[in-house]
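A quick write-up on the structure given underneath.
Numbering (the working numbering), first residue to last: 1 to 116.
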């Protein structure tokens with residue numbers, strides 16, 4: 001039996017932009033993606049702390065160490081600049097493997113999304 005478990009989480013990052021006219025996705029600072037073990041194109045869930053919205057999209061790399069977190073395309077209607085969100089990715093694994101698995105949890109600075 002396989003189950004889905006939390007693989008990675010960027011906890012409480014601040015949205016820096018919302019671009020309705022982009023194709024889609026969420027742009028995430030490349031350093032944050034690496035820290036959270038999220039790869040480009042990976043499916044992620046977005047949970048908006050400010051309004052309770054939940055949505056799924058895919059991650060794309062943003063400029064390194066800029067703190068960029070931009071929701072693109074239709075997802076831009078679900079957030080506002082300055083909103084606090086949680087970005088979660090999941091993995092499917094064997095039940096016994098999942099019992100031992102430890103997710104990558106990252107807690108950036110909410111003011112500028114930095115890792116320090």
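Cβ atoms here follow ideal geometry from the backbone N, Cα and C, with glycine treated the same way.
Tell me whether residue i is buried or exposed, calling it buried when 16 or more other Cβ atoms sit within 10 Å of its Cβ.
i, result
"residue 74", "exposed"
"residue 33", "buried"
"residue 50", "exposed"
"residue 26", "buried"
Would you list the one or two residues that DSSP bridges to residue i?
i, result
"residue 61", "28"
"residue 113", "For residue 113, which the question treats as bridged, DSSP gives no partner whatsoever."
"residue 17", "70"
Quick check: the Cα distance between residue i and residue j, rounded to an integer number of angstroms?
i, j, result
"residue 52", "residue 81", "15 angstroms"
"residue 19", "residue 41", "18 angstroms"
"residue 89", "residue 65", "21 angstroms"
Can you find the residues in the same chain that come closer than 8 angstroms, C-beta to C-beta, to residue i, ignoring five residues on each side of it along the sequence?
i, result
"residue 106", "8, 9, 10, 11, 32, 35, 36 and 115"
Which same chain residues, not among the five before or five after residue i, have their C-beta less than 7 angstroms away from its C-beta?
i, result
"residue 22", "72 and 73"
Open item on the list: Quick test of the definition: if touching needs 3 or more C-beta pairs under 8 angstroms, does the region 44-64 touch the region 73-87?
Closed with: Touching, yes.
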